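The sequence shown begins at 1 in UniProt numbering and counts up one residue at a time.
We treat Cβ as the ideally placed atom computed from N, Cα and C, and that holds for glycine.
Everything numeric in this text was worked out from a predicted model, so none of it was measured.
Worksheet: the structure to be examined is printed underneath.
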Amino acid sequence: MTFEHIGLYARDPIALVEWYCTALGFTVVRRLERGDRPPVFFLRTDSGAQLEVLPTDRPPLARDLDSPGFSHLGLLVEDFAAFEQRLKAHNVKLWGVRTTSHGWKIGYFNDPEGNVLEIIQR
Numbered sequence: 001m002t003f004e005h006i007g008l009y010a011r012d013p014i015a016l017v018e019w020y021c022t023a024l025g026f027t028v029v030r031r032l033e034r035g036d037r038p039p040v041f042f043l044r045t046d047s048g049a050q051l052e053v054l055p056t057d058r059p060p061l062a063r064d065l066d067s068p069g070f071s072h073l074g075l076l077v078e079d080f081a082a083f084e085q086r087l088k089a090h091n092v093k094l095w096g097v098r099t100t101s102h103g104w105k106i107g108y109f110n111d112p113e114g115n116v117l118e119i120i121q122r
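In structure tokens, the structure reads:
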């Protein structure tokens, strides 16, 4: 079995897809047109991991990082400081930055829809 993708609902999927591509370097690999409804997008990272972005009109749920269910999307980076600068260039602020007892450097940030992402340098 292979982990194929994770789906993410967005109130403005087109803007969110653009943000993931420009701020994080994802690439659109598929755009599924659906007539008069907003399209569904599949994005891919350099490692092959995929993110499906689907439209919704529903308001976001109030969630904390430790709420049951989906918590965050983790991104492994080679150079934490360089990636932090990339995020700053897109007006994204890291929070919860620390070095773990295993020596991993981690930090969290939010995408424009409020979803939590984590960067990790091991």
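Is the CB-CB distance between residue i and residue j below 8 Å?
i     : j      : result
VAL17 : LEU43  : yes
ASP75 : ILE119 : Looking at the sequence provided, one finds Leu at residue 75 rather than Asp. Yes, they are a contact pair.
PHE26 : LEU51  : yes
Can you name, in chain order, every residue of its own chain whose Cβ lies under 7 Å from the Cβ of residue i, other than the five neighbours on each side?
i     : result
VAL28 : VAL17, CYS21, PHE41 and LEU43
Report, in whole angstroms, the separation of the C-beta atoms of residue i and residue j, which I expect to be a contact under 8 Å.
i      : j     : result
PRO112 : VAL53 : Not quite, the Cβ-Cβ distance comes to about 12 Å (not below 8 Å), so this is no contact.
THR56  : TYR9  : 4 Å
Classify residue i as buried or exposed, calling it buried when 16 or more other Cβ atoms lie within 10 Å of its own Cβ.
i      : result
GLU84  : buried
LEU61  : exposed
PHE70  : exposed
GLY35  : exposed
PHE3   : exposed
LEU65  : exposed
GLY107 : buried
Classify residue i as helix, strand or coil using the three-state DSSP reduction.
i     : result
LEU65 : coil
TRP95 : strand
ARG86 : helix
GLU52 : strand
THR22 : helix
Given residue i, which residues of its chain have a CB within under 6 Å of its CB, disregarding the five upstream and five downstream residues?
i     : result
ARG31 : PRO39 and PHE41
Any beta carbon from chain C within less than 8 Å of residue i's own beta carbon?
i     : result
LEU94 : In summary, chain C is missing from the structure at hand, where a single protein chain is found.
Beta-carbon within less than 8 Å of residue i's beta-carbon, same chain only, minus the 5 sequence neighbours each way: which residues are those?
i      : result
THR100 : ILE106
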